[in-house]
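Asker: I'd like to ask some things about the structure below.
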């Protein structure tokens, strides 16, 4: 009979960790989030419990000029997300509740990030009861050593991380549900706005405007192929003419300099050898991993998840 229940995110991770912990621990997956904001409504209320939102029908009379002159209406003092169980996780929830009844201790071992902390918090809310604390296990690798070490350093849910995830989720919903309908009415039906995509679009537009304003200027570099009494030959960049920096704005100026240097002799007046240290590249962040892999983003993230889970 297991003495403790450990909840992780993925079935693959559950199988691996179960092997490390043995029969005293029941390891089950949540399969990601078990609750979310409803799809049919904005799913956010203010401190008085009133829905936060706007009737799409009212947008046709929206005075854009007044909005620019006087700013948006006063914002609520608080945004409270209204979570509902996901239909696709009802069976999972039933299994978790059944497993929780027969154990003395429950641990959430979801991923060590904002999403993982929020998933763990929701699981704790569903499975917790008076007199039974739910422990938080944190590890950055799926190894027996790391899992065992986490059991010796049980923590509590980090509510700052949970708040950060909820803030992101609320902003996602506010921008998507309130700004997108405005685009349908004022620009074109079917357009969408988003917390990330709208800002990214602004950056792209700003950059494109900079490119349009840029005035290109022609300039030339000059290199001389030199050979001494002993090989090898080497290239030297011409950087000065007399005491002044060499600047060539067009091909004619470059050819004039070449003509002046043709047949001239050159002396190596100094040679210096320096030792340089090259730092090891830093660990990948998600965006750099996606750029370097050059796979479709979905494939890259799938492979990264498999590496993390030890598949």
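In the numbering used here, the protein residues as written are 295 to 605.
Using N, Cα and C, we set each Cβ at its ideal position, and we do this for glycine too.
Taking 7 Å as the cut-off, decide whether the C-beta atoms of residue 404 and residue 303 are in contact.
Answerer: Taking the chain shown and counting its residues from 1, one reaches residue 404 at position 110. Taking the chain shown and counting its residues from 1, one reaches residue 303 at position 9. Cβ atoms of residue 404 and residue 303: closer than 7 Å.
Asker: Assign residue 324 to one of two classes, buried (16 or more other C-beta atoms within 10 Å of its C-beta) or exposed (fewer than that).
Answerer: Numbered from its first residue, the chain shown carries residue 324 at position 30. That one is buried.
Asker: So, does the region 458 to 477 touch the region 428 to 439, judging by three or more C-beta pairs under 8 Å?
Answerer: Result no; under three Cβ-Cβ pairs closer than 8 Å.
Asker: Quick one: using the 10 Å Cβ neighbour count with 16 as the cut-off for buried, is residue 495 buried or exposed?
Answerer: Walking along the chain shown from the start, residue 495 turns up at place 201. With fewer than 16 Cβ atoms within 10 Å of its Cβ, residue 495 is classed as exposed.
Asker: Can you list, in chain order, the residues of its chain with a C-beta nearer than 6 Å to that of residue 485? Leave out the 5 residues immediately preceding and following it.
Answerer: Here residue 485 is taken as the residue at index 191 of the chain shown, counted from 1. Contacts found: 477.
Asker: Skipping 5 residues on each side, what residues in its chain have a beta carbon closer than 7 Å to that of residue 519?
Answerer: Start at 1 with the first residue of the chain shown, and residue 519 comes out as number 225. Counting only Cβ-Cβ distances below 7 Å, and skipping sequence neighbours, we find 527, 529.
Asker: Let me check understanding here. Comparing Cα to Cα, which of 337, 418, 513 lies closest to residue 299?
Answerer: Reading the chain shown from its first residue, position 5 is the one you call residue 299. If we check each option's Cα against that of residue 299, 418 comes out closest.
Asker: With distances taken Cα to Cα, identify the nearest neighbour of residue 466 among 483, 506, 447, 487.
Answerer: The sequence position of residue 466 within the chain shown is 172, counting from 1. Among 483, 506, 447, 487, the Cα nearest to that of residue 466 belongs to 487.
Asker: Is residue 481 buried or exposed, if buried means 16 or more other CB atoms sit within 10 Å of its CB?
Answerer: Translated into the one-based positions of the chain shown, residue 481 becomes position 187. Answer is exposed; the Cβ neighbour count stays below 16.
Asker: From the DSSP output, in three-state form, read off residue 382 for me.
Answerer: To locate residue 382, count along the chain shown from 1; it is residue 88. DSSP places residue 382 in helix when its eight states are reduced to three.
Asker: Near residue 297, which residues of its chain fall below 8 Å by C-beta distance, leaving aside the five closest residues on each side in sequence?
Answerer: By one-based count along the chain shown, residue 297 stands at place 3. The residues are 318, 319, 397, 398, 399.
Asker: Taking the alpha carbon of residue 455 as the point to measure from, which residue in 479, 522, 412, 402 has its own alpha carbon closest?
Answerer: Residue numbering aside, residue 455 sits at position 161 when the chain shown is read from its first letter. The shortest Cα separation from residue 455 among 479, 522, 412, 402 belongs to 412.
Asker: According to DSSP, what are the bridge partners of residue 423?
Answerer: For the purposes of this step, residue 423 is identified with residue 129 of the chain shown, where counting begins at 1. Residue 423 pairs with 426.
Asker: Which runs of the alpha helix (DSSP H) spanning at least 4 residues fall entirely within the region 401 to 465, listed in chain order?
Answerer: Correct list: 408 to 421, 438 to 445.
Asker: To the nearest angstrom, how far is it from the Cα of residue 326 to the Cα of residue 332?
Answerer: Stepping through the chain shown from its first residue, residue 326 is reached at position 32. Stepping through the chain shown from its first residue, residue 332 is reached at position 38. Approximately 16 Å, taken between the alpha carbons.
Asker: Just verifying my parser: in three-state terms, what is the DSSP assignment at residue 350?
Answerer: For the purposes of this step, residue 350 is taken as the residue at position 56 of the chain shown. Interpretation of residue 350 is limited by its pLDDT of 48, a score under 50 that renders its predicted location unreliable; the figure taken from the coordinates is listed afterwards. Reduced to three states, the DSSP call for residue 350 is helix.
Asker: Would the region 435 to 446 and the region 304 to 317 be scored as touching if the rule is three or more Cβ pairs under 8 Å?
Answerer: Yes: at least three Cβ pairs fall under 8 Å.
Asker: Drop a sphere of 10 angstroms on the beta-carbon of residue 542, count the other beta-carbons inside from all chains shown, and report buried for 16 or more, exposed for fewer.
Answerer: In the chain shown, counting from the first residue as 1, residue 542 sits at position 248. So residue 542 counts as buried.
Asker: Mapping DSSP to helix, strand and coil, what is residue 542?
Answerer: As a position in the chain shown, residue 542 is number 248, starting the count at 1. If DSSP states are grouped into helix, strand and coil, residue 542 belongs with the strands.
Asker: Given that a residue counts as buried once 16 or more other Cβ atoms are within 10 Å of its Cβ, and exposed if not, what is residue 555?
Answerer: For the purposes of this step, residue 555 is identified with residue 261 of the chain shown, where counting begins at 1. It counts as exposed.
Asker: Could you give the distance in angstroms between the alpha-carbon of residue 606 and the alpha-carbon of residue 591?
Answerer: This structure leaves residue 606 out entirely; the chain is present only between 295 and 605.
Asker: If we ignore side chains and look at the alpha-carbon of each, how far apart do residue 598 and residue 587 end up?
Answerer: As a working note, residue 598 is residue 304 in the chain shown. As a working note, residue 587 is residue 293 in the chain shown. Distance between the alpha carbons of residue 598 and residue 587: 11 Å.
Asker: When the Cα of residue 515 is compared with those of 497, 547, 493, 392, which residue comes out closest?
Answerer: Taking the first residue of the chain shown as 1, we reach residue 515 at position 221. Among 497, 547, 493, 392, the Cα nearest to that of residue 515 is on 547.
Asker: Can you tell me which of 414, 578, 596, 460 puts its alpha carbon nearest to the alpha carbon of residue 375?
Answerer: Position 81 of the chain shown holds residue 375. Checked all of 414, 578, 596, 460; the closest Cα to residue 375 is 460.
Asker: Can you give me the Cβ contacts of residue 339 inside the same chain, cut-off strictly under 7 Å, excluding the 5 residues immediately before and after it?
Answerer: Mapped onto the chain shown, residue 339 falls at position 45. Taken in chain order, the residues that qualify are 345, 346, 374, 376.
Asker: Would you kindly report the start and end of the unbroken beta strand (DSSP E) that includes residue 525?
Answerer: By one-based count along the chain shown, residue 525 stands at place 231. Per DSSP, residue 525 belongs to no beta strand (DSSP E) and is neither H nor E.
Asker: Just list the residues that DSSP pairs residue 299 with in beta bridges.
Answerer: Taking the chain shown and counting its residues from 1, one reaches residue 299 at position 5. BP columns for residue 299 point to 320, 400.
Asker: Assuming residue 383 contacts residue 328 (C-beta within less than 8 Å), just tell me the rounded distance between them.
Answerer: Stepping through the chain shown from its first residue, residue 383 is reached at position 89. Stepping through the chain shown from its first residue, residue 328 is reached at position 34. Their Cβ separation, rounded to whole angstroms, is 4 Å, which keeps residue 383 and residue 328 in contact under 8 Å.
Asker: Closer than 7 Å by C-beta to residue 409: which residues in its own chain qualify, once you throw out the five before and the five after it? Chain order, please.
Answerer: As a first step, residue 409 is located in the chain shown; it is residue number 115 there, counting from the start. Counting only Cβ-Cβ distances below 7 Å, and skipping sequence neighbours, we find 459.
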